[in-house]
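Visitor: In my numbering, the protein residues as written are 26 to 359.
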Amino acid sequence: MSAATPPAREDHLATTGAINRKAALASVAVALILAAAKSWAVLRTESIAMLGSLADTGLDLVASLVTLFAVRLAARPADYDHRFGHGKAEALAALFQVSLISVAAVLIILRSVERFGSAGTPTAIEYGIGVSILAIVLTILLVSYQARAIRATGSVAISADSLHYRSDLLLNGSVILALVLETALHLRGADALFGLGIGLWLALNAGRTAMHAIGELMDKEWPLEKRQRFLDIAERHPALHGIHDLRTRSSGSHDIAQFHIWLNPHMSLKQAHDVMEDITRDLTADFPGLELIIHPDPADQPESDLLTQQDARTVLVNEAAASDKTPGPETPAP
């Protein structure tokens, strides 16, 4: 049984798609402005830290363009060739961003190591500091706007894009500090050291983003807290004898879930249908655009030790206990 009518899901998809597109366009605009400003600053300062910041901004621009394309594709409704929609285009875009970030991180680290053995130092630091301050102001405005979009849609592509810009706040602050230490305070090697730190920071962020995107492509289950909230709502119905075989996944901004419910074996088909309709209504109120399949089972079916037959709440409790490295309860299915 589907959780929402196709028009309702399409309306939600259109709404989230519009929000994501505006966030992606804002990202592209900021990246264009900062790429131009930092290119000029690199020519004036010859700073490795500023060069690293420029490389990151250039990648942000490419990544933002890819994100814009991905969120537009992900917002397309399901068709005959993609019955679950196009949401995973966002995860693919995130992986593309990761590949770009990884290359930039390696190049920046290598250039920083080379600078350690050279006599070069930054010049005209006031230009680098001014551009970095501009970058910080624009980035704060963009990240705030992206955060509202992410809260509204949960987009993995916008989240990955926002991660770049959040790291840019630290990156631009590091550029300012590196220029002051190297030129004003004459601490040799500060510019190269901060460039090295920026490269390592980019590599770390690339790994985190990759794990998120791969998890979505591999149909990883929702986070534990989200599944617990989902069960809290679903289990409210008094006719339920239990829920089992809960399966969840996300496709871009689109949530998909399915589960089986145990009901009184003497319940009529109409009564069972009404129960599922009630559960669907409650869940879609808290999970807009959710695609849901519910399957009814008689509560007197034989017990089984299979994972699919274990009560969903028990599975979550055991999973939480395992993550804490403590034994969880072993409650059998009804």
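A virtual CB, placed ideally from N, CA and C, is assigned to each residue, including glycine.
1. Thinking C-beta only, is F284 closer than 8 Å to A345?
2. Flag this pair as yes or no: are the beta carbons of A129 and L195 separated by less than 8 Å?
3. Assuming T234 contacts A185 (C-beta within less than 8 Å), just tell me the rounded distance between them.
4. Report yes if the CB atom of R261 is closer than 8 Å to the CB atom of D307, and no otherwise.
5. Using only CA atoms, which one of A282, I268, A231 and N230 lies nearest to W247?
6. Tell me the rounded alpha-carbon separation between V162 and S275.
7. Identify, in the order they occur along the chain, each residue of the same chain with its Cβ nearer than 7 Å to the Cβ of T356, setting aside the five sequence neighbours on each side.
8. Excluding the 5 residues flanking I304 on each side, which residues of the same chain have their C-beta closer than 6 Å to its C-beta?
9. Could you give the uninterrupted runs of the beta strand (DSSP E) lying entirely in the segment 66-117, keeping only those of 3 residues or more?
10. Taking the alpha helix (DSSP H) that F255 belongs to, which residues open and close that run?
11. Could you tell me the alpha carbon to alpha carbon distance between L57 and R173, rounded to whole angstroms?
12. Going by DSSP, what residue range makes up the alpha helix (DSSP H) through E316?
13. Can you tell me which residues form a DSSP beta bridge with R274?
14. CB A114 to CB L98, shorter than 8 Å?
15. Do A119 and H279 have their C-beta atoms closer together than 8 Å?
16. What is the C-beta distance between I133 and G220, in whole angstroms, given that I count them as a contact (C-beta under 8 Å)?
17. Between H189 and the rest of its own chain, which residues show a CB-CB distance below 6 Å, the 5 nearest in sequence each way excluded?
18. What is the DSSP secondary structure of D336, reduced to helix, strand or coil?
19. In the DSSP assignment, find the unbroken alpha helix (DSSP H) run with R306 in it and report its ends.
20. Quick check on A160: buried or exposed, where buried means 16 or more other Cβ atoms within 10 Å of its Cβ?
21. Measuring straight from C-alpha to C-alpha, what distance separates S348 and L341?
22. Where G232 and S127 are concerned, what is the direct C-alpha to C-alpha distance, given to the nearest angstrom?
Guide: Taking the structure as given:
1. Against the sequence shown, residue 345 aligns to sequence position 320. Against the sequence shown, residue 284 aligns to sequence position 259. No, the Cβ-Cβ distance between A345 and F284 is not below 8 Å.
2. Sequence index remark: in the sequence shown, residue 129 carries index 104 (1-based). Sequence index remark: in the sequence shown, residue 195 carries index 170 (1-based). No, Cβ-Cβ distance for A129 and L195 is not below 8 Å.
3. Position 209 of the sequence shown holds residue 234. Position 160 of the sequence shown holds residue 185. That pair is a contact at about 5 Å.
4. For this step, residue 261 is matched to residue 236 along the sequence shown. For this step, residue 307 is matched to residue 282 along the sequence shown. Yes, Cβ-Cβ distance for R261 and D307 is below 8 Å.
5. Counting from 1 along the sequence shown, the entry for residue 247 is found at position 222. Nearest option by C-alpha distance: A282.
6. If you number the sequence shown from 1, residue 162 lands on position 137. If you number the sequence shown from 1, residue 275 lands on position 250. About 33 Å.
7. Numbered from 1 along the sequence shown, position 331 holds the residue referred to as residue 356. Bear in mind that a pLDDT of 41 at T356, under 50, signals an unreliable position, so the model cannot answer this.
8. As a working note, residue 304 is residue 279 in the sequence shown. Within the same chain, I304 has close Cβ partners A259 and H262.
9. none
10. As a first step, residue 255 must be located in the sequence shown, where it is residue number 230. Here the alpha helix (DSSP H) through F255 covers L249 to A259.
11. For the purposes of this step, residue 57 is taken as the residue at position 32 of the sequence shown. For the purposes of this step, residue 173 is taken as the residue at position 148 of the sequence shown. Each residue's alpha carbon lies about 22 Å from the other.
12. Stepping through the sequence shown from its first residue, residue 316 is reached at position 291. Note, E316: premise wrong, no alpha helix (DSSP H); beta strand (DSSP E) at E316 to P323.
13. Numbered from its first residue, the sequence shown carries residue 274 at position 249. In DSSP, R274 forms a bridge with I281.
14. Within the sequence shown, the letter at position 89 stands for residue 114. Within the sequence shown, the letter at position 73 stands for residue 98. Yes, the pair counts as a contact, with Cβ atoms nearer than the cut-off.
15. Start at 1 with the first residue of the sequence shown, and residue 119 comes out as number 94. Start at 1 with the first residue of the sequence shown, and residue 279 comes out as number 254. No; because the gap between Cβ atoms is not below 8 Å, this pair is not in contact.
16. Along the sequence shown, read from residue 1 onward, the residue named residue 133 stands at position 108. Along the sequence shown, read from residue 1 onward, the residue named residue 220 stands at position 195. Correct: roughly 6 Å between the Cβ atoms.
17. On the sequence shown, residue 189 is found 164 positions in, with the first residue counted as 1. Here the set comprises D85.
18. As a position in the sequence shown, residue 336 is number 311, starting the count at 1. Here D336 sits in strand by DSSP.
19. Within the sequence shown, the letter at position 281 stands for residue 306. Unbroken alpha helix (DSSP H) run through R306: L294 to D311.
20. Translated into the one-based positions of the sequence shown, residue 160 becomes position 135. It is buried - the Cβ of A160 has at least 16 other Cβ atoms within 10 Å.
21. By 1-based counting over the sequence shown, the position of residue 348 is 323. By 1-based counting over the sequence shown, the position of residue 341 is 316. If I take the Cα positions, the gap works out to 11 Å.
22. For the purposes of this step, residue 232 is identified with residue 207 of the sequence shown, where counting begins at 1. For the purposes of this step, residue 127 is identified with residue 102 of the sequence shown, where counting begins at 1. Taking the straight line from one Cα to the other gives about 9 Å.
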